[in-house]
Amino acid sequence: MAALVLTAPQDMLARTAAELISKHGGVDRQRQLRDAGDELAYSPEVWAEMADLGWLGIPFAEDYGGLGMGMAETVLITEAMGRGLAPEPFVSAVVFAGGLIADAGAAEQRTAWLPQLIDGEKRLAPALLEAGSRYGLDRVETRAQPNGAGWSLSGEKVQVVGGVGADGFLIAARTEGGDDGLTLFLVPAAADGLEVVAQKRVDSRNSAIVRLNDVQVGAGSVVGDVCGGLEPLGRAVDRATVAVCGEMLGVMTEAFERTIEYLKSRSQFGVLIGTFQALKHRAAKMFIEIELSRSTVMAAARALDEGSDDAQLQVSNAKARCSDALILVTNEALQMHGGIGMTDEHDIGLFMKRARALEFAFGDAAFHRQRFAALRGF
Amino acid sequence: MSDLTAFREKARAWVEANSPEFLRGKASDPKAWAAGGRKASFTYPESRDWLLAAADRGFSVPTWPEQYGGAGLSRDEALVLQEEIARLALPMPLTGFGYSMIGPTLLDHGTEGQRAEHLPKIARGEIRWCQGYSEPNAGSDLASLATSAVRDGDFYVINGQKVWTSGADEADWIFMLVRTDPDVKKQRGITFILVDMESPGVEVRPIRLISGASPFCETFFHNVRAPVHQVIGDVNSGWTVAKALLGHERTSIGGMGRGGARTSLPDLARDYVSVDEEGRIDDPALRERIIQCEMDAMSYGLTVKRHGDGLEAGHKPGPESSMFKYYGTELNMRREELMLSIRGPQALGWEGEGFEPAELNQTRTWLRSRANSIEGGTSEIQLNIIAKRVLGLPD
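Residue numbers (the working numbering), protein chains in the order written: chain E, 2 to 379; chain Z, 88 to 482.
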């Protein structure tokens, strides 16, 4: 495996990303967007600037206007976004949806969509979850019926991240006829019978229900092979999972550093509370968990980039580790802030709310522990 | 072909040509390990052959410069060599405090004369070392140590008692901390000095432990004379040298948390617990603990690698050794506990009939492992160090 250190260009990218996020207000911006209650829930001007910097094209080939980089760079962007709780739908639109088109899409689909996605003119949203699917990628009730040369889609997707304002959706549907396998469809948001309803989640992010009522699509809307959707979907989910791990790393690092600063500034009983050994040891254990998490994220990103045999194992190891560490750190952060942490006015609660959404994205720790064991054959 | 791949081929060929057949598969048999020394007794004569073959090639201390008996390997090359040795489940050719602790400390803090005198003898396994740090009243609070050294011409005269001196009864030399100035802040009056264990006035008494073994001793010093040129670093600056050495010690103890050529927990569980129709270990709670332990070991191994890659890339080493010491030992102890749980009642053997040799060995290694979070600075001390030196939390 490649060295687990940042190269000079990667280090530069990480610093540029951090500067962009803080220039636009950092965590304050997330609070303002939440309070404004706009369903888009992110800043189009920040999205446009990310496009200008080339970040929306990070994982895509230069032929399409991309930067031709990998997951090792992608996680640097998501980590910076996590630190500032930046709500732009980078993981869903770029890593997941764009990555799926680049990986499994036909040449016409790639040419039609990738340059526009990279420029920020168009945005796609992957519609993965259904009310009963939990973490099983094949637990899909949405159906695709053959209809002439095309297909008719019916079903309901929930918590579609970045769904509000998306130009199109990637929909997994159970295919009638054939072996009842999963087929992926690229469906324009403007299609007849497709309805988008904004949802409100605890983390105040852009999230939607997407209802499909006999939506008619042509044969050319199939991404990859008919009944062959599960494999490319699994690969896209692995990439998105590692991108999410990068964000988790950013959230836990920032919440932790704010907590350490609090321990150094808050006094009780006439002394700084950071002098108490009961808190010191817990802080030191959190530090170790964050260090371990960082190693797993760097390793998983490089394993995917290198196409290693153990890439899936590394992905599940990273997601399980980051999920447990993030919940530990954000819960401890609130506890160590005491009463002030319970107020809406204080930012630490925003980190805890986002943490929960990240924990459940693409499988929690328990799910990934089971996957790890299954991959190892015990 | 990358340089590392080329090196791996060379290392593999060398290991296959030079390692005794008999030692293959004996990586975890303590009787196969060689710590060397004047009093060395090799249970298996092959251990001596293996040590000497490695020493001839510089592979007993692979990262040390060639002039001191090493092979001048980079950290990555040394790791490759270690992997190739582990591939045949061979023991490392040389173990002990000379290789893991005083050697690296002399490379960092010794004079040219001190290095030239001591390092080649360590590399060839001629001299075995022990460590004189702890005292009956200086455990976690090590800096309060009281063993005194008073200057008398070209000598220091040492009086006092050390405890937990590993292998003192088999060692030839000791590196130790002595108080050379009792009137200053406790850390500022300590000196790091080397002493020949054959010096008149040194007395060693082994301590019997809960595992039944006696790897540790009490060591007494009655007017022991050591030449002043055996001081490492400056007089009264021993605490700085001691902390650097503790860093090597912690990394070495923490290293036990890494995978390597060891019993596979899933394999052991398949033997003792059996599996269900789908091949899963047929005890869900135990299986969860095994999964967690395997994932923790993987994450820890990646963190050790990341730290090493950082050093290679020129990052400065920090107080991370406390993190490795804490996590590596806690992980190893958890692993030992887990192996007891997997073996169940068969892990209760002490000696005699009714138990396999591996089971009897398990009992002892589990008991031995309980010291991991105490020796080299307790887990609680490591957490204090992280809180203070990494996180900057106030005293």
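Just so it is clear, CB atoms sit at the ideal spot from N, CA and C, and this is done for glycine as well.
It should be emphasised that the depicted structure is a prediction, and the values quoted were computed from it without experimental measurement.
Buried versus exposed call for residue i [16 or more other C-beta atoms within 10 Å across all chains shown]
i: Lys118 (chain Z); result: exposed
i: Ile172 (chain E); result: buried
i: Lys392 (chain Z); result: buried
i: Ser456 (chain Z); result: buried
i: Phe146 (chain Z); result: buried
i: Gly344 (chain Z); result: Since pLDDT at Gly344 (chain Z) reaches only 48, below the 50 mark, its modelled position is unreliable, and no value is offered.
i: Asn148 (chain E); result: exposed
i: Met13 (chain E); result: exposed
i: Ala150 (chain E); result: exposed
i: Gly100 (chain E); result: buried
i: Arg162 (chain Z); result: exposed
i: Gly346 (chain Z); result: With a pLDDT of 42 at Gly346 (chain Z), under the threshold of 50, the modelled position of that residue is not reliable, and no figure is offered here.
i: Phe288 (chain E); result: buried
i: Leu352 (chain Z); result: buried
i: Trp437 (chain Z); result: exposed
i: Ala103 (chain E); result: buried
i: Glu109 (chain E); result: exposed
Nearest-angstrom beta carbon gap, residue j and residue i [assumed within contact, 8 Å]
i: Thr331 (chain E); j: Ala356 (chain E); result: 4 Å
i: Val237 (chain Z); j: Tyr243 (chain Z); result: 7 Å
i: Trp137 (chain Z); j: Gly190 (chain Z); result: In fact, because the Cβ distance is near 19 Å, the residues do not count as touching under 8 Å.
i: Ala279 (chain E); j: Leu480 (chain Z); result: Incorrect: roughly 12 Å between the Cβ atoms, too far for contact.
i: Gly185 (chain Z); j: Trp216 (chain Z); result: 4 Å
i: Ala326 (chain E); j: Glu360 (chain E); result: Contact doesn't hold; Cβ gap of about 10 Å is too wide.
i: Leu56 (chain Z); j: Ile377 (chain Z); result: Residue 56 (chain Z) cannot be examined here, being either before or after the span of chain Z that is shown, 88 to 482.
i: Glu131 (chain E); j: Val159 (chain E); result: 6 Å
i: Tyr413 (chain Z); j: Tyr387 (chain Z); result: Contact doesn't hold; Cβ gap of about 11 Å is too wide.
i: Pro293 (chain Z); j: Asp256 (chain Z); result: 5 Å
Reference residue i; option with closest CA among the options
i: Ser221 (chain Z); options: Z:Asp241, Z:Ile261, Z:Arg99, Z:Pro444; result: Z:Ile261
i: Thr242 (chain E); options: E:Asp29, E:Gly58, E:Glu80; result: E:Glu80
i: Ala302 (chain E); options: E:Leu129, E:Arg35, E:Ala19, E:Pro60; result: E:Pro60
i: Ser208 (chain E); options: E:Thr260, E:Gly163, E:Arg111, E:Val47; result: E:Gly163
i: Leu418 (chain Z); options: Z:Glu438, Z:Asp383, Z:Leu389; result: Z:Asp383
i: Arg295 (chain E); options: E:Arg322, E:Phe277, E:Glu109, E:Gly26; result: E:Arg322
i: Leu213 (chain E); options: E:Gly230, E:Glu333, E:Ala190; result: E:Ala190
i: Leu160 (chain Z); options: Z:Val102, Z:Ala98, Z:Gly388; result: Z:Ala98
i: Thr260 (chain E); options: E:Gly364, E:Met353, E:Ser317; result: E:Met353
i: Phe170 (chain E); options: E:Leu41, E:Val197, E:Trp152, E:Pro45; result: E:Val197
i: Gly251 (chain E); options: E:Thr8, E:Ile22, E:Leu5; result: E:Ile22
i: Gln217 (chain E); options: E:Phe186, E:Gly38, E:Asp204; result: E:Phe186
i: Leu139 (chain Z); options: Z:Glu213, Z:Leu470, Z:Ser128, Z:Glu443; result: Z:Glu213
CB contact below 8 Å: residue i versus chain E
i: Ser298 (chain Z); result: no
i: Gln154 (chain Z); result: no
i: Gln379 (chain Z); result: yes
i: Tyr359 (chain Z); result: no
i: Met188 (chain Z); result: no
i: Val477 (chain Z); result: yes
i: Ala474 (chain Z); result: yes
i: Ser386 (chain Z); result: yes
i: Asp370 (chain Z); result: no
i: Leu373 (chain Z); result: no
i: Lys330 (chain Z); result: no
i: Met382 (chain Z); result: yes
Contact with chain Z by residue i, beta-carbon distance below 8 Å
i: Gly71 (chain E); result: no
i: Arg370 (chain E); result: yes
i: Leu264 (chain E); result: yes
i: Gly378 (chain E); result: yes
i: Lys286 (chain E); result: yes
i: Lys281 (chain E); result: yes
i: Leu250 (chain E); result: no
i: Val5 (chain E); result: Correcting the residue identity first, residue 5 (chain E) is Leu in this sequence and not Val. Closer than 8 Å: yes.
i: Ile349 (chain E); result: no
i: Ile210 (chain E); result: no
Near the ligand ZN: residue i beta-carbon under 7 Å from a heavy atom
i: Ala434 (chain Z); result: Among the ligands in the structure shown, none appear at all, so the ligand ZN cannot be discussed.
- Task: Determine which residues of the region 288-313 of chain E have a Cβ less than 7 Å from any Cβ of chain Z, and write them out in chain order.
- Result: Phe288, Ile289, Glu292, Leu293, Ser296, Thr297, Met299, Ala300
- Message: To be precise: take each residue of the region 267-278 of chain E, compare its Cβ to all Cβ atoms of chain Z, and keep it if any distance is under 7 Å. Which residues remain?
- Response: Hits within the stretch, in order: Leu273, Gly275, Thr276.
- Task: For the region 400-423 of chain Z, enumerate the residues whose C-beta is nearer than 9 Å to any C-beta of chain E, in chain order.
- Result: Ala400, His402, Glu407, Ser409, Met410, Tyr413, Tyr414
- Which residues, taken in chain order from the region 313-332 of chain E, show a beta carbon closer than 9 Å to some beta carbon of chain Z? Leu314, Gln315, Ser317, Asn318, Ala319, Ala321, Arg322
- Query: When you check each C-beta in the region 179-194 of chain E against every C-beta of chain Z, which residues fall closer than 9 Å?
  - Reply: none
- Message: Short of 9 Å Cβ to Cβ, which residues in the region 93-106 of chain E face chain Z?
- Response: none
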